[in-house]
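Residue 367 in the numbering used here sits at position 207 of the sequence shown; the count goes up by one each step and never skips. Here a beta-carbon is modelled for each residue, glycine too, at the ideal position from N, C-alpha and C. Structure, as structure tokens:
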Amino acid sequence: MAITDQTDVQEMTFGDVRVSRVIESAGNLYMTPSQFFPNSEPQMWERPGAWNEPEFLIPAGDSVHEHTHRVAMQTWVLRSAGKVILIDTGVGNDKERPYVPLWSHLDGDFLDRLAAAGVKPEDVDVVVNTHIHPDHTGWNTVLRDRVWTSTFPNATYYMTTEDLEFWNPVNGHSTVLGPAAQNMWEDSIAPILASGQVKEWSGTERIDENLVLEAAPGHTPGSSLLRLTSGGQEVLFVGDILHTPLQVGEPAVNSCFCQDPEVAVETRRRVFSEAAAKGILMFPAHFTGRGAFTVRAEGDGFVLAGWAPLVSA
Ligand SMILES: [Zn+2]
């Protein structure tokens, strides 16, 4: 299984909505379990489970505690009600991220991969940033003649009021990302506000007859999920409410990038409970390989019940 070379377009259909996966990159985040998930207990990682598979942890050293997390930066492309919708826009090219070399001055072929999925920038009608973080807003813009310009000239970009307020530098909030988010507002958000393409929303927001955005706060104040309901099927694009399958059984474990840990746990439990009760497939933002999963309730927590068939070649 060549997980590092995930270049193939993968698709699933739910009712009248076609979902395609376009991967910007899939690889090593260079963070160990205790770095990425500071409130996890060491023994949790030693148990057998999907979180230990190479799809999610890259072996390094003799112990699971030395392994480093594998994450995908990817966009879910939805064709719904005659429109093209992108969920999250990855890290982007040419961004200056002085404290995150992994995300700085990239020169990737994301737009070619999007084209391979049949989407040209001018075809995109809607962009959803599930939340405002540098790995979800990167391709909002491209550098053209040294000016940050909207990548998708005809798109409406959905962003929450809460995240717009939180990240606007004039409001002076301190964030758990700290300098890792340096320049993000200026290069990926402000240009979209300036071009008048931002649709600000709060609470819930219907995109079309199949798609609704809903608040899912904690990871950031304005984090959200997208609910797809069509032809009697229902799935959730849950953004960053989890980053590893370990969090299914341990919903109190947060990533170090969760802004409000208590609210993040509350949201995770609420969403998992609903997904377990209804057997809903959940698409997290960063899972590689099989990509999406179902859960069932067990005891005080949840267990993985099944995977989507998104295994890459
Ligand atoms: Zn993320």
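With fewer than 16 other Cβ atoms inside 10 Å of its own Cβ, residue 259 counts as exposed. Contact check between the region 347 to 360 and the region 412 to 420: fewer than three CB pairs, one atom from each, fall below 8 angstroms, which does not count as touching.
Judged by DSSP secondary structure, residue 179 falls within the beta strand (DSSP E) whose first and last residues are 177 to 188. In this structure, the alpha-carbon of residue 337 lies about 6 angstroms from that of residue 417. Our two residues, residue 182 and residue 439, have alpha carbons roughly 25 angstroms apart in a direct line. Those residues placing their Cβ nearer than 6 angstroms to any heavy atom of ligand 1 are, following chain order, 293, 295, 296, 400, 445, 446.
For residue 247, the beta-bridge partners assigned by DSSP are 236, 288.
Taken in chain order, the whole alpha helix (DSSP H) runs of length 4 or more contained in the region 285 to 346 are 321 to 327. By the Cβ criterion, the region 188 to 199 is in contact with the region 224 to 244, since at least three pairs of Cβ atoms, one from each stretch, lie closer than 8 angstroms. Within the model, the alpha-carbon separation for residue 274 versus residue 232 is close to 15 angstroms. Going by DSSP, residue 427 is part of no beta strand (DSSP E) but of the alpha helix (DSSP H) stretching over 421 to 438. DSSP places residue 361 in the uninterrupted beta strand (DSSP E) bounded by 358 to 361. Residue environment: residue 334 is assigned as exposed (fewer than 16 neighbouring CB atoms within 10 Å of its CB, all protein chains considered). Inter-segment contact for the region 448 to 464 and the region 401 to 411 is present: three or more beta-carbon pairs are separated by less than 8 angstroms. When C-alpha distances from residue 422 are compared across 378, 216, 199, 266, the shortest belongs to 378. In the structure shown, residue 279 adopts coil according to DSSP, grouped into three states. Looking at 293, 322, 381, 286, the one whose alpha-carbon comes closest to that of residue 312 is 286.
Leaving aside the five residues that flank residue 219 on each side, the residues in its chain whose CB is nearer than 8 angstroms to its CB run, in chain order, 227. The DSSP-derived three-state label of residue 197 is coil.
Taking residue 234 as the centre and dropping the five residues before and after it, the same chain places the C-beta of 181, 182, 183, 184, 186, 248, 250, 445, 446 closer than 8 angstroms to its C-beta, in chain order.
Taking a contact as a CB-CB distance under 8 angstroms, the pair residue 454 and residue 229 does not count as one, their CB atoms being some 22 angstroms apart.
A contact between stretches requires three or more CB pairs, one per stretch, nearer than 8 angstroms, and the region 289 to 298 meets this requirement with the region 368 to 387. Secondary structure note for residue 465: its beta strand (DSSP E) is the uninterrupted segment 461 to 467.
Sequence-distant partners of residue 188 (beyond 5 residues in either direction) whose C-beta falls short of 8 angstroms from its own C-beta, in its chain, are 218, 228, 229, 230.
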